[in-house]
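Written below as structure tokens is the structure these notes are about.
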């Protein structure tokens, strides 16, 4: 498979950052233990690790937000640093771009780019200088951005470019990007790659923090893996595979062998014919049998979530037919879809799947409130309690008190709460959209096990994802979607990861 | 059509301008007494108070907060200033200083409470409204101050123009206050860094903190400014009414809020302009004035104003929905 | 995230948990009782004073309930007073122009009057609900518009005047007692209990609270949030009508501007009672306790010959003070735990 290779290693560039013996303890918890890290000027480096591996703490130490424990040494640009503060770190050229970008949607691109330089402090606004700075940086990076445009009107990819411009305007020597590709389409990822090369050309080092293993390896020159606060090692990206990386990050070998049951005799539960919706998808036809896990893979922008929302009644299709157990259904609202037995686990768990501030129990019964009533039309404590208890047990949700806010749970447990909510509606078809986003690798397996047992019990499952291993190892059949159309169908036992990746990227 | 003009017409202010112009044209045609110099001068004078308050409230809204207590601050400021002015000869500087000072103090108190209590600004300012107003009414027993110092009442006005009927038209204190408030607010918002920081704060509070904006200090400035403007507004109102009544001003907060929001300011912050606010005030002012001149009984005017507000905010919302749907289509 | 053993069914955790809000308010209540007992002694704790409190509380109480429901949904209803007044005026008009002769004909007209009041309120509530839920206007702005419009209609129709002179049963409701309990208080209790039960224990109440915290997630969970919101504002308006009728019964007159100073107080009472102004949390029990505290302060101030305006200031101070104490307590707790 053609890898995007980096043109040789610049072996003699000086190290921009050298960290040795970095440790950090919070009370009794060890966040980092004796970590070494070197980043050369202009290097593209990836920091890989699960939640709790210490990578966020390491970033905070580099950016001066947290001090390391005594005994560690940080050398930046040849100078030993003691008492690194955020402003000092910024002065040295370290810029962090967090996942939420931290930009101002109501200000213009130029204002966002030049804010720290020209708009802080107490004096008159220097509009001309601001525009100059912004235009200069935009030109240097070679991107297409209108300095006078309102930031909120831009797409996420464009906003990310603005964030990078802002880092550049601050004379960055090292740009740390946290999960930069999470919301980007394939083309946008390519643009980002180009930008990274441009930064590299200017001697600016880039550190990616990402969990998207295959993209990580595409972009980085070297990968450092952290686990439980310790550094396992640093490898050249070319020597690494996603599988090996995953094993290193978690310390487990995962049995990626799926047994595809013989489903020829199973009844077709969901049948979609020539479904179309202008601007979203076109002429989609598929079938899911009882007990089948159908994987649907496509990058952002392929129309996969739009298709799911159509099946869920929230963005009804304009033409085509949907049949459930042979009977044609009209799905004009999600309530209609739920009543017909279709459930949708959204990819945006935190905003659309859960009401974070409210109790776990309330979240679990949210979609079935009208079925849990007792005397006088009021909610029956027995019935709600029984439902909550049943699902907590059934799905193995680790809770100390169901009245706690669901916000207090880990990502994996939160996702189980969402699944519980939907299973309570007694669906025949379960649509899962990127079900393990934001879930630790260890917890992912738990989710997959739940999905498999649901299928074994006769549920028809549509699993939508943009992660190849997810569909390759955990579904019975794979459909590839691109630009609103179904492109191809594969059997997971008859295709390799790399071939599948090619099929998607093509 | 030139680009900036096209962009202008699509903006909220542009549309509002068209509506206001249409209203003015309609009224000028429908009643001869609207578009007269006398009427316009009277209009400016009588809406100066609300206008100034709108300028101050705009800044608060842009920062992402809200202030409901300014009418109470204004009442306290003017009462204190006039009481002192009646007792001692303090002159213009004195009353300006007291009004400004009291207003700023009230504003700073708001900022302090908002910053430390963890309550939202609407709740805090509802509480301080009651505290300021309650204390004022308690201390004054509701008594009006009927007689104000002569030098104050005879005020400041400069005859600018005399028409053929020998009627003088003066540029008075109220107009001075109104214009100053808008000009000062515009300068702060568009020409100073602090102004951009206020927009930034309202746009994304987390990001603002990360860039190093000191939220507490900005709040002190924003609410302090609102208090200052309220104090100045109370001064010109007292001069116009030629008396001070402690319960005359409280109750008008929501009218000012309506004007600012009609002018395009968002309740969530980060959005709003002085020109929009001016248009919002003008819209409501011309509407009320027009109804009066058209002979509509005064007890029906609030009904019209309410209907206009409802229609305007609904139109705004529909527009925003359409805009968001279009943007989604572009990005998909 | 601790044990692996399956927990007992959630029913057992639904046992009564004293909420921190109720605890705080109870402490405040007791503290104030002691304070006023020392200052006023018998003058406060006699039948007359208690009865006067019992007569005054219900108006503010029903209005606060009307404000609480939209607050729970993450919104606000600024039009409750205007709705109360216009509904009252509708009833007042019919009372004074029809069925004044007495007899069964009169009774029919009286019923029509009450129906008219609720009809007017219902229309206003629907208007609010539609504009907020279907047009997406922010609740503050929508209800600001409605408030101005409704008051405008009321002023326009009455020329700012007062309508008075209602049938005796209304006067009785406003000023009479059953078994020494003021009828208005009975009405309040008869309204507060169902509302409280509905909010805490019905599917609708759950939906309102959940959507107050995250409207989108609730929509994605299959609930028609727009219909829920319309019902929220409809309920708020109907409760306002009840408040309007109570006021008109007490004063034996109706006017476009009664009770305007109550508007912001209802928000204050709700927040003091533990309603989260951002939505999602709050119980009627907390609200009732908060109302009792506020009423106690007001009556005590009255008896101490402190102007009623000072009690306004005191109410504001109480809210700020409670929040302040809460803050101090929250920052002290970790220190206490370490000990």
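Protein chains in written order, with the numbering used here: chain A, 1 to 506; chain B, 507 to 838; chain C, 839 to 1177. Cβ atoms here follow ideal geometry from the backbone N, Cα and C, with glycine treated the same way. None of the values given here were measured: they were computed from a predicted structure.
Check, Outcome
"Enumerate in chain order the residues of its own chain whose CB-to-CB distance from residue 1172 (chain C) is below 6 Å, with the five nearest sequence positions on each side excluded.", "none"
"Using a beta-carbon distance below 9 Å, is residue 1168 (chain C) in contact with chain A?", "no"
"Would you mind reading off the limits of the beta strand (DSSP E) that contains residue 16 (chain A)?", "15-26"
"Assign residue 841 (chain C) to one of two classes, buried (16 or more other C-beta atoms within 10 Å of its C-beta) or exposed (fewer than that).", "With a pLDDT of only 35 at residue 841 (chain C), under 50, the local geometry of the prediction cannot be trusted, and no value is derived from it."
"Quick one, which of C:1166, C:1169 and C:1153 has its alpha-carbon nearest residue 639 (chain B)'s?", "C:1153"
"Scan the stretch 82-97 of chain A for residues whose Cβ lies nearer than 7 Å to a Cβ of chain B and list them as they occur along the chain.", "none"
"Got a sec? Which residues, its chain only, sit under 7 Å from residue 762 (chain B) by beta carbon, not counting five neighbours each side?", "556, 559, 560 and 563"
"Using a Cβ-Cβ cut-off of 9 Å, state whether residue 1045 (chain C) counts as contacting chain B.", "no"
"Please tell me whether residue 334 (chain A) and residue 1058 (chain C) are closer than 9 Å, where the distance is taken between their beta carbons.", "yes"
"Quick one: which residues of the stretch 765-796 of chain B get their C-beta closer than 7 Å to a C-beta of chain C? List them in chain order.", "767 and 773"
"With 9 Å set as the bound, which would you pick, yes or no: does the beta-carbon of residue 324 (chain A) sit closer than that to a beta-carbon of chain C?", "no"
"Beta carbon of residue 32 (chain A), beta carbon of residue 294 (chain A): below 9 Å?", "no"
"Assuming residue 431 (chain A) and residue 311 (chain A) are in contact, meaning their beta carbons sit under 8 Å apart, how far apart are those beta carbons, in whole angstroms?", "6 Å"
"On a CA-only basis, which of A:156, A:28 and A:261 is nearest residue 104 (chain A)? Give me that one, please.", "A:156"
"Tell me, please, which residues DSSP counts as bridged to residue 287 (chain A).", "A:271"
"Out of A:84, A:382, A:89 and A:315, point me to the one whose CA is closest to residue 344 (chain A)'s CA.", "A:315"
"Could you work out which residues of chain C lie near residue 369 (chain A), taking near to mean beta carbons separated by less than 7 Å?", "1041, 1044 and 1045"
"For the stretch 35-54 of chain A against the stretch 213-230 of chain A, do three or more pairs of beta-carbon atoms, one drawn from each stretch, fall closer than 8 Å, so that the two count as touching?", "yes"
"Within 9 Å of any Cβ in chain B, is that where the Cβ of residue 105 (chain A) sits?", "yes"
"Give me the subset of the stretch 677-705 of chain B whose CB atoms are less than 8 Å from a CB atom of chain A, sorted by chain position.", "696, 697, 698, 699, 700, 701, 702, 703 and 705"
"How big is the Cα-Cα spacing for residue 600 (chain B) and residue 664 (chain B)?", "21 Å"
"Starting from residue 73 (chain A), trace the beta strand (DSSP E) both ways and give me its first and last residue.", "73-76"
"Quick check on the DSSP output: what are the complete beta strand (DSSP E) runs of length 3 or more inside the stretch 86-130 of chain A, in order along the chain?", "94-97"
"Run through DSSP, which three-state label would residue 1058 (chain C) get?", "helix"
"Can you have a look at residue 502 (chain A) and say buried or exposed, based on whether 16 or more other CB atoms are within 10 angstroms of its CB?", "exposed"
"Quick test of the definition: if touching needs 3 or more C-beta pairs under 8 Å, does the stretch 146-154 of chain A touch the stretch 108-119 of chain A?", "yes"
"List the whole-angstrom C-beta distance separating residue 44 (chain A) from residue 221 (chain A), where the pair is believed to meet the contact cut-off of C-beta under 8 Å.", "5 Å"
"Can residue 862 (chain C) and residue 1126 (chain C) be called in contact, C-beta distance under 9 Å?", "no"
"Could you work out which residue in A:243, A:291 and A:306 is closest to residue 260 (chain A) when comparing CA atoms only?", "A:291"
"Chain B beta carbons: is any one of them nearer than 9 Å to that of residue 100 (chain A)?", "yes"
"Out of curiosity, what's the CA-to-CA distance linking residue 962 (chain C) and residue 925 (chain C)?", "10 Å"
"In chain C, which residues lie less than 9 Å from residue 421 (chain A) when you measure between Cβ atoms?", "1059"
"Using DSSP's beta-bridge definition, name the partner residues of residue 47 (chain A).", "A:209 and A:224"
"Between which two residues does the alpha helix (DSSP H) carrying residue 242 (chain A) extend?", "242-250"
"Going by DSSP in three states, residue 327 (chain A) sits in which element: helix, strand or coil?", "strand"
"Which of the residues in the stretch 722-747 of chain B, read from start to end, lie with their CB under 7 Å from any CB of chain A?", "none"
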